[in-house]
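Student: Residue numbers (my numbering), protein chains in the order written: chain A, 1 to 436; chain B, 1001 to 1293. Right, I'll just put the structure down here and ask away after.
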């Protein structure tokens, strides 16, 4: 019904356009944000529309990340696609291989008169959405990276010093034991297990997650996360789960509820958990860098991002691309980016926004909010830590979730589970390769 | 002698069946044909290119042990949902039928859950059984039982079965109740005078007279368990843990609409079409014989 109405409106406005030659050009922007983030996006759009008279950006919420991507794909098949579509990082390879459906941000920006400097963007963020030839395919919009959240009160209650060094998993291992001995029922929990404990883990230790530079060099990639480093980590977590030191709450961010309620002492979660934790937690908390296994791989390398980017879709008028370019330039401007970063805990996408935030004293006033930025930008990304570009990745994550659950419940050991995940995931990659 | 109405000519009978044929063609034959056609290809999500693979999608599916297990999961799930929604419904209908006072109130209350959308029912049950904050799991914890459907496949299955069957009890109750009201009182009274007790009367008179309704509900509930429960599964378990609650239809949905693998999804729809078709033929051939109209 909604589609019908939109269709009717579109048809209506096309018919009317000759009579309103000076009307503003509309740019459709489909996104996946609700709640606080939805309000912030609406404010950005309103501000952009008020700032000039030529273009009107119309933002529409299309459901969660998967639903938004599906809405975009369905709309493209029906010839009703928006100019700008938000796609989560997992859908990147799907969008990239859809050459006839998307227009690269570099192309859109260069064709327009909008300000555009590819070097202004932070490499570690931008790299995820840039081809090996340096063409920027989509604009990073909301990017975050996993960090370690610490409930200081829970540490005190268990008689453990909350300032204990938690930079390595070796130290965390000892601390978990101390927390449990001190009476903690949930020493550690996590959100997004595949993203944090396999994808980011691999980048952070500079070991491959998949061959062909994690898929950046081609679709003939095979999964490689059943290497010794990953197996050792999942094995250790499996033991923590069996001992009751690691509490598994679910595949997404279900563990957040347990952490925010004060039950869990440590929580590995996205840096964008900041908004929720700072507003709900009734205890003193800290943000620490994600721990690494000392001596394993090339750790600590850099972590990779999660979140979403904005894709410009094919099949529109030049004036609409001009409008899309202006809007993307507005989103990348320093003030808008700095405010977005400070409000949400998402990473700034430009160096200028990061500097502006530091100069304004935000990091000093809110300790820990710069941990994610430092962690991402500490080292130049290697082939293993630039990001992931794998087809059918949403499904592969589902497979990884299933196999990890088998480890947490004690049904499988880490090696068997990861071997099985690799084998099942590779079958999907071969299908994706055949389709594209 | 059977009475038959005969038509002169073809025009009128054709006009009379045309609406039904049209509806079937548009809403069944056309999409089913599309699914069969698509199952021969691996298309890219945007519909820009299609790679012909012949039976490749079917070979891929049938060589996947998780897909084969999904048949068993579906059989267990459908059987449990059908039983758990029909037996309590029959019990409640029989009890409500014997009520003299306040029958209207009871009936309304019993029909109520049917108005709750499956996905919302899923969320309600999910909250009650949430491993850390759920009311039911808290009480179970007090009794010394550690409820964790996030990791325990059996518990996950139990939870989705209960959540799927719950709203369905109302629907079944409605049909059983109406059927009970239609049984002539005189038959039951005659049996009572002959000395048949309640259970005797129930087994020998009521249940056989209910058989057309029971058969109808059996078919409808199996179709429900196959096709309409994925909202509940999606909200509660997303098919996990380890695919222990991934029924065939949920896999069609998740591969097609989450994974964008439309070729595999289409092939699964075709397989499902065959399975449900065979099941329905079986039901009408073998079970319907025992039904007394």
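Ideal placement from N, C-alpha and C gives every residue a C-beta, glycine not left out. Note that the structure is a prediction, hence the values are computed from the model and not measured.
Assign residue 121 (chain A) to one of three DSSP states: helix, strand, or coil.
Tutor: Residue state, collapsed to three classes: strand.
Student: Report yes if the C-beta distance between residue 58 (chain A) and residue 323 (chain A) is below 7 Å; otherwise report no.
Tutor: It is not a contact, given that the beta carbons lie outside the stated cut-off.
Student: Note down, in chain order, each residue of its chain lying with its Cβ closer than 7 Å to the Cβ of residue 196 (chain A), except the 5 sequence neighbours on either side.
Tutor: 146, 190, 268
Student: Along the chain, where does the beta strand (DSSP E) containing residue 214 (chain A) start, and where does it finish?
Tutor: Run containing residue 214 (chain A): none in the beta strand (DSSP E); it sits in the alpha helix (DSSP H), 211-214.
Student: Does residue 438 (chain A) have its Cβ less than 7 Å from a Cβ in chain B?
Tutor: In the structure as shown, chain A begins at 1 and stops at 436. Residue 438 (chain A) is therefore absent and cannot be evaluated.
Student: For residue 364 (chain A) versus residue 170 (chain A), is the C-beta distance shorter than 7 Å?
Tutor: no
Student: Can the beta-carbon of residue 1035 (chain B) be found closer than 7 Å to that of residue 1270 (chain B)?
Tutor: yes
Student: Across which residues does DSSP place residue 139 (chain A) in a beta bridge pair?
Tutor: A:310
Student: Hey, quick one: how far does the beta strand (DSSP E) through residue 151 (chain A) stretch, first residue to last?
Tutor: It spans 146-151 - the beta strand (DSSP E) in which residue 151 (chain A) sits, taken as one unbroken run.
Student: If distances are taken between C-alpha atoms only, which option among A:29, A:273, A:433 comes closest to residue 347 (chain A)?
Tutor: A:273
Student: Give a yes or no on whether 7 Å exceeds the smallest Cβ distance from residue 438 (chain A) to chain B.
Tutor: As shown, chain A starts at 1 and ends at 436. That puts residue 438 (chain A) outside it, with no answer to give.
Student: At a CB distance below 8 Å, what residues from the region 1105-1135 of chain B approach chain A? Give them in sequence order.
Tutor: Residues of the region 1105-1135 of chain B whose Cβ lies closer than 8 Å to any Cβ of chain A, in chain order: 1131, 1132, 1133.
Student: Would you call the region 1196-1214 of chain B and the region 1235-1249 of chain B in contact, with 3 or more CB pairs under 8 Å?
Tutor: no
Student: For the structure I just gave you, are there three or more beta carbon pairs, one from the region 1139-1152 of chain B and one from the region 1250-1264 of chain B, closer than 8 Å?
Tutor: In this structure the region 1139-1152 of chain B does not touch the region 1250-1264 of chain B; the number of beta carbon pairs closer than 8 Å is below three.
Student: Report all residues from its chain with a CB closer than 7 Å to the CB of residue 396 (chain A); omit the five preceding and five following residues, and keep chain order.
Tutor: Within the same chain, residue 396 (chain A) has close Cβ partners 390, 425, 428.
Student: Just tell me which of B:1027, B:1095, B:1052, B:1100 has its CA closest to the CA of residue 1202 (chain B).
Tutor: B:1095
Student: If we define contact as Cβ-Cβ less than 7 Å, is residue 1243 (chain B) a contact residue for chain A?
Tutor: yes
Student: If we define contact as Cβ-Cβ less than 7 Å, is residue 98 (chain A) a contact residue for chain B?
Tutor: yes
Student: Could you tell me which whole alpha helix (DSSP H) segments of length 4 or greater appear in the region 1126-1207 of chain B?
Tutor: 1135-1142, 1153-1182, 1185-1193, 1198-1201
Student: Using DSSP bridges, identify the partner residues of residue 266 (chain A).
Tutor: Answer is A:150, A:188.
Student: In whole angstroms, give me the CA-to-CA distance for residue 296 (chain A) and residue 1280 (chain B).
Tutor: 58 Å
Student: Is the separation between the beta-carbon of residue 991 (chain B) and that of residue 1192 (chain B) shorter than 7 Å?
Tutor: The displayed coordinates of chain B run from 1001 to 1293. Any statement about residue 991 (chain B) would go beyond what the structure contains.
Student: Give me the chain A residues within the contact set of residue 1044 (chain B), using Cβ-Cβ distance strictly less than 8 Å, ordered along the chain.
Tutor: 97, 98, 435, 436
Student: What are the start and end residues of each continuous alpha helix (DSSP H) run of 4 or more residues lying completely inside the region 1039-1095 of chain B, in chain order?
Tutor: 1056-1062
Student: For residue 1151 (chain B), which residues in chain A fall below 8 Å Cβ to Cβ?
Tutor: 248, 405, 408, 409
Student: Going by Cα to Cα distance, which pick from B:1075, B:1233, B:1230, B:1013 is closest to residue 1276 (chain B)?
Tutor: B:1075
Student: With the cut-off set at 7 Å, would you say residue 1051 (chain B) and residue 434 (chain A) are in Cβ contact?
Tutor: yes
Student: For residue 246 (chain A) and residue 1073 (chain B), what's the separation of their Cα atoms in angstroms?
Tutor: 29 Å
Student: CB residue 32 (chain A) to CB residue 64 (chain A), shorter than 7 Å?
Tutor: yes
Student: Taking only beta-carbon positions, decide if residue 1257 (chain B) is within less than 7 Å of chain A.
Tutor: For residue 1257 (chain B), the answer is yes, since a Cβ of chain A falls inside 7 Å of its Cβ.
Student: Residues in its own chain within less than 6 Å of residue 383 (chain A) by CB, not counting five upstream and five downstream?
Tutor: Cβ neighbours of residue 383 (chain A) beyond the five flanking positions: 213.
Student: Where residue 47 (chain A) and residue 1114 (chain B) are concerned, what is the direct C-alpha to C-alpha distance, given to the nearest angstrom?
Tutor: Inter-residue distance for residue 47 (chain A) and residue 1114 (chain B) is about 46 Å (C-alpha atoms, whole angstroms).
Student: Between the beta-carbon of residue 1232 (chain B) and the beta-carbon of residue 1088 (chain B), is there less than 7 Å?
Tutor: The Cβ-Cβ distance between residue 1232 (chain B) and residue 1088 (chain B) does not fall below 7 Å.
Student: Rounded to a whole number of angstroms, what is the C-alpha to C-alpha distance between residue 19 (chain A) and residue 25 (chain A)?
Tutor: Unreliable placement is indicated for residue 19 (chain A), whose pLDDT of 41 sits below 50; the coordinate value is still reported in the next sentence. If you take the alpha carbons of residue 19 (chain A) and residue 25 (chain A), they lie about 14 Å apart.
Student: Chain B beta carbons: is any one of them nearer than 7 Å to that of residue 392 (chain A)?
Tutor: yes
Student: With H, G and I counted as helix, E and B as strand and the rest as coil, what does DSSP make of residue 128 (chain A)?
Tutor: helix
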